[in-house]
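Trainee: Numbering (the working numbering), first residue to last: 76 to 1132. Just so you know, even glycine gets a beta-carbon here, dropped at the ideal spot from N, CA and C. The model shown is predicted, which means the values in this text are computed figures rather than measured ones.
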């Protein structure tokens, strides 16, 4: 007769009753669980048993040795041999250590264990006690978690048979059991492996192991699938030249980028300057080309030759055998609908939607989402004709620009990946990208207003899904990340950055003319009427010209032209200000052109005898009586007296300044130029930074200055056997090296042949001194050189670091590299205040005209930021990652922890086999306990969301107070690392003391009490947060209101003694 069993508790009572009444029984079990809770319930009566034979039916929870070796392919086990949902709840009482040790001792002495080789062979569980009792069914022998209201416990032990019933089934099943047990084709001995797994529950762990175990819980799912597996899956790709040329850290980035592109349709690589983003992108391109995908590279025009060289049959192309076949177009080609691109494509015939992968170099150029109703902007064309119109177009963005304190730039770049689909990642738990970024921006805005602006405080306030989004789509690593994780052997050597040399020469070596501060004050007094004729229009004609030249969009007026003129005038004042700092020649050239412009206006107006004459622009009716001005203005409509008066006022000042410039130049009194010449000669002939390296890279913001330097020093350097070259964004390159094609990239190849061509050139074919504008400050590898001279600093530290990034690169052959800076001979604070006054006038005009105060870049608007960093740059060369206190992608991702974790798992694959709930001991001043929990709720995320949600880290003091709470989860994680890192063996004295106090973990009441208080603190914070939501649209909502400690699974805890 069969009876239905309604609960596992009823089943365990039944088994205990049988065991009590029998001595020296033989028990045969087939089951897929061996939980601590069941063993504890049966332990007392199991001592009466003579022999226990246990076959593990399903071994999915225990990885094989092969599976452990493939550690990157494994995920955290969802089903554990010793813990079911009930045991997870019980774990919070901290009784599992002593239970596991007791169970270990019992099995070692009394239980024989085998496991099935083919899990499909046995489809049910069974318990047979002698020949008299049998329970059979599909359910595991385990205590069930308490049922929720309205649910029915799941139990499916179909039948049981006692000694009062027919024994035929028992005899048959016992015979089948013996066949399984005794046949090595069906089962194998598994006792030692089981005991080892059981020992993992209670063993003494080192602090470092606990740290990495916790990291694996937090971030293990984000680990890549591993380069080894990737190579196995892409045999042709791993044979490519580009793949074999990469460093390990670059290969990791390539694998990760390919996985992100395949899974999420895009990726942003934002590694720091000098880490080889271009090579990483080439490897990604090769992978997709091998899949027969069409690839388009969108690049700034200045980097065309870099990309073209890698796909052309040139002798200096190191990757010629990889046969790259991608197409190249410029960012600016997005604005063109006809004509031919530099790569030879007819733009009127290009079907932008036919590319499978779009690679955008310097994608931060698309950080501003500029849209227009009357024409299609670059961003609009990229979005609508390339991304949206294409069939599942994939995107790789290369960007080194930090997030700063606004997420708008990031949002606009992410939109390129998502094709503007706000719900693109809904299946990954991110319901709305825009809402998530808005929520994150709100926290950033609050943080900006705080006095301290500690990044750690912000990181713990940002929503966990924000970090998740960045991990999904971005790769951003600093040099510190790379060298800290991979080590120099796997990274390649970075050169040593010498202390910068700072020079502050006068403009006039005689200290008579063009004093810097006095000259700038004179420039501030200029009216610059020549740039603002509309300010002199008679009142009766003002409305006519206002309507004629206003900028409109639909029915809305965006901009009045007179305001545009005022901004233009202030920008020109700012330009004079910058050119004075650059060179006396550039300053003089600007003044000369400005005087010529004023003279042409004065002459035109003075010769005007007819009211019919107009002042107009590009199509001149009568050059004798027109102004060189873009917009047509009738002279009769001008207040010519006032206009002429102000033009003459400016001309008088400028004539005087220009006269002084000519005296300095003609009398060769340019002290700054002479200082530069001395530095060059000394570096090359007397004190090289590296033996035999004569190369120097000189930067200026202005082509006038670059050409002036070339014309002034090249012939003198030629007499020393030093060849010089000059490149700028405007004008043809030039060099003193005879017989060389003066093409832009050819000049760079002769200046840095090793980095550009992979080979040396004879000494007589080398260009040693290269003078350039900022057209080469980004995207160029010029690491043959070991010295950068900033002839003008433009007061922007970001530009200085970008310039230095041309030589501060991975794999440099130079042991040392140096930066030389020219500052004006004034106090930094005085100069910045002077500059700020000029900027202030420009900002005031712009704000009144457009309501936008951000005319300049964010770093140029931040006075204190620039002052602080420019002071630092006089003492040290700063990495871009350390440049400011703003937030960058590197700050926002968890690369530090991921790199540490992946490296540790390679040497300790067993970390993935360890059941949750382990502990370790450390010694520190702040005594207490650090708990890591996982919230198991399936409902809406709590408002008091940890930045590591669903994980919470709580540091509780021995008094039961919160030392570091869930609002500072990342700080708590840093604390765990600080306490644990490098402590790779358990402290025997601490464990001896701990075991004495807890009676070998039997009395864990102190720590279970702290655990309960930690969970209560989490729930209390949620209640406070929920109360603040009473005025939200959703109303008062405490997601933890009905939860208990049972909803928080213990991952690990660190006892601080």
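Looking only at DSSP bridge pairs, what is residue 470 linked to?
Mentor: Within the chain shown, numbered from 1, the residue matching residue 470 stands at position 395. Answer by DSSP bridge pairing, in chain order: 341 and 433.
Trainee: In terms of residues, what are the limits of the alpha helix (DSSP H) holding residue 807?
Mentor: As a working mapping, residue 807 is identified with position 732 in the chain shown. Looking at the DSSP string, residue 807 is not in any alpha helix (DSSP H), and its letter there is neither H nor E.
Trainee: Put residue 739 into one of helix, strand or coil per three-state DSSP.
Mentor: For the purposes of this step, residue 739 is taken as the residue at position 664 of the chain shown. The answer is helix: DSSP assigns residue 739 an H, G or I state.
Trainee: Would you list, in sequence order, the uninterrupted alpha helix (DSSP H) runs of no fewer than 4 residues that lie entirely inside the segment 363-396?
Mentor: Those alpha helix (DSSP H) runs which fall completely within the segment 363-396 and span 4+ residues are 379-384.
Trainee: Let me confirm a value: residue 348 is counted as buried when at least 16 other C-beta atoms fall within 10 Å, else exposed. Which label applies?
Mentor: Position 273 of the chain shown, counting from 1, holds the residue named residue 348. Result: buried.
Trainee: Are the segment 311-325 and the segment 806-820 touching by the rule of at least three beta carbon pairs closer than 8 Å?
Mentor: no
Trainee: From the DSSP output, which residues share a beta bridge with residue 1032?
Mentor: Your numbering for residue 1032 matches position 957 in the chain shown. Answer is 1003.
Trainee: For residue 977, does the three-state DSSP call read helix, strand or coil?
Mentor: As a working mapping, residue 977 is identified with position 902 in the chain shown. Note: residue 977 maps to helix in three-state DSSP.
Trainee: Going by other Cβ atoms of all chains shown within 10 Å of its Cβ, with 16 needed for buried, is residue 1059 buried or exposed?
Mentor: One-based indexing of the chain shown puts residue 1059 at position 984. Flag for residue 1059 reads exposed.
Trainee: If you drop the 5 nearest sequence neighbours on each side, which residues of the same chain put their C-beta closer than 6 Å to that of residue 88?
Mentor: Looking up residue 88 in the chain shown gives position 13. Within the same chain, residue 88 has no close Cβ partners at all.
Trainee: Under 8 Å, do residue 1022 and residue 294 count as touching if we go by C-beta distance?
Mentor: Along the chain shown, one-based indexing puts residue 1022 at 947. Along the chain shown, one-based indexing puts residue 294 at 219. Not a contact, by the Cβ cut-off of 8 Å.
Trainee: Could you check what DSSP says for residue 847 in three-state terms: helix, strand or coil?
Mentor: Translated into positions along the chain shown, residue 847 becomes position 772. Strand, per DSSP.
Trainee: So residue 1046 and residue 531 are supposed to be a Cβ contact under 8 Å. How far apart are they, rounded?
Mentor: Within the chain shown, numbered from 1, the residue matching residue 1046 stands at position 971. Within the chain shown, numbered from 1, the residue matching residue 531 stands at position 456. Beta-carbon to beta-carbon, residue 1046 and residue 531 are separated by about 5 Å, close enough to satisfy the 8 Å threshold.
Trainee: Can the beta-carbon of residue 769 be found closer than 8 Å to that of residue 391?
Mentor: In the chain shown, residue 769 corresponds to position 694, counting from 1. In the chain shown, residue 391 corresponds to position 316, counting from 1. Not a contact, by the Cβ cut-off of 8 Å.
Trainee: Can you tell me whether residue 1023 is helix, strand or coil according to DSSP?
Mentor: As a working mapping, residue 1023 is identified with position 948 in the chain shown. In this structure, residue 1023 counts as coil in the three-state DSSP scheme.
Trainee: If we count Cβ pairs, one from each stretch, closer than 8 Å, do we get three or more for the segment 1077-1086 versus the segment 163-178?
Mentor: Yes: at least three Cβ pairs fall under 8 Å.
Trainee: Helix, strand or coil for residue 799, going by three-state DSSP, please let me know.
Mentor: In the chain shown, residue 799 corresponds to position 724, counting from 1. The answer is strand: DSSP assigns residue 799 an E or B state.
Trainee: Take the Cβ of residue 250 as the centre, count every other Cβ of all protein chains shown within 10 Å, and call the residue buried at 16 or more, exposed below.
Mentor: Counted from its first residue, the chain shown places residue 250 at position 175. It is exposed - the Cβ of residue 250 has fewer than 16 other Cβ atoms within 10 Å.
Trainee: For residue 184, tell me which candidate among 209, 121 and 211 has the shortest Cα-Cα distance.
Mentor: The residue given as residue 184 occupies position 109 in the chain shown. Checking every option, the nearest Cα to that of residue 184 belongs to 121.
Trainee: Nearest-angstrom Cα distance between residue 724 and residue 717?
Mentor: The residue you call residue 724 lines up with position 649 of the chain shown. The residue you call residue 717 lines up with position 642 of the chain shown. Rounded to the nearest angstrom, the two C-alpha atoms are 11 Å apart.
Trainee: Should residue 450 go down as buried or exposed, given a rule of 16 or more other Cβ atoms within 10 Å for buried?
Mentor: Sequence index remark: in the chain shown, residue 450 carries index 375 (1-based). The residue is exposed, with fewer than 16 neighbouring Cβ atoms inside 10 Å.
Trainee: Note down, in chain order, each residue of its chain lying with its Cβ closer than 6 Å to the Cβ of residue 516, except the 5 sequence neighbours on either side.
Mentor: For the purposes of this step, residue 516 is taken as residue 441 along the chain shown, with counting starting at 1. These residues qualify, in order along the chain: 482.
Trainee: Where are the beta strand (DSSP E) runs, 3 residues long or more, that stay fully inside the segment 870-906, in chain order?
Mentor: 891-897
Trainee: Can you name, in chain order, every residue of its own chain whose Cβ lies under 6 Å from the Cβ of residue 1089, other than the five neighbours on each side?
Mentor: Reading the chain shown from its first residue, position 1014 is the one you call residue 1089. Closer than 6 Å at the Cβ level, and outside the excluded window around residue 1089, lie 1006, 1029 and 1031.
Trainee: Taking the CB atoms as reference points, tell me whether residue 422 and residue 428 lie closer together than 8 Å.
Mentor: If you number the chain shown from 1, residue 422 lands on position 347. If you number the chain shown from 1, residue 428 lands on position 353. No; because the gap between Cβ atoms is not below 8 Å, this pair is not in contact.
Trainee: Out of curiosity, what's the CA-to-CA distance linking residue 189 and residue 265?
Mentor: Here residue 189 corresponds to residue number 114 of the chain shown, with the count starting at 1. Here residue 265 corresponds to residue number 190 of the chain shown, with the count starting at 1. If you take the alpha carbons of residue 189 and residue 265, they lie about 5 Å apart.
Trainee: Drop a sphere of 10 angstroms on the beta-carbon of residue 513, count the other beta-carbons inside from all chains shown, and report buried for 16 or more, exposed for fewer.
Mentor: Translated into the one-based positions of the chain shown, residue 513 becomes position 438. So residue 513 counts as exposed.
Trainee: Rounded to whole angstroms, what's the CA-CA distance from residue 385 to residue 672? Just pull it up for me.
Mentor: In the chain shown, the residue the question calls residue 385 occupies position 310. In the chain shown, the residue the question calls residue 672 occupies position 597. CA-CA distance, residue 385 to residue 672, rounds to 46 Å.
Trainee: Could you tell me if residue 619 is buried or exposed, where buried requires 16 or more neighbouring beta carbons within 10 angstroms of its beta carbon?
Mentor: Counting from one through the chain shown, the residue named residue 619 turns up at place 544. Exposed: under 16 other Cβ atoms inside 10 Å.
Trainee: Could you spell out where the beta strand (DSSP E) holding residue 612 opens and where it closes?
Mentor: The residue labelled residue 612 in the question sits at position 537 within the chain shown. Unbroken run through residue 612: none, as it is neither H nor E.
Trainee: What is the DSSP secondary structure of residue 1136, reduced to helix, strand or coil?
Mentor: Any answer about residue 1136 is impossible in this case: the structure gives the chain only from 76 up to 1132.
Trainee: For the alpha helix (DSSP H) that residue 674 lies in, which residues bound it at each end?
Mentor: Taking the chain shown and counting its residues from 1, the one referred to as residue 674 is at position 599. First-last of the alpha helix (DSSP H) with residue 674: 659-681.
Trainee: Applying the criterion that 16 or more other CB atoms from any shown protein chain within 10 Å of the CB defines a buried residue, is residue 292 buried or exposed?
Mentor: Mapped onto the chain shown, residue 292 falls at position 217. Residue 292 is buried by the Cβ-count criterion.
Trainee: Using a Cβ distance threshold of 8 Å, determine whether the segment 277-286 contacts the segment 991-1006, with at least three qualifying pairs required.
Mentor: yes
Trainee: State whether the segment 751-760 contacts the segment 583-596, with contact taken as three or more CB pairs (one from each stretch) at a distance under 8 Å.
Mentor: no
Trainee: Hey, is the segment 889-896 in contact with the segment 573-581, meaning 3+ C-beta pairs nearer than 8 Å?
Mentor: yes
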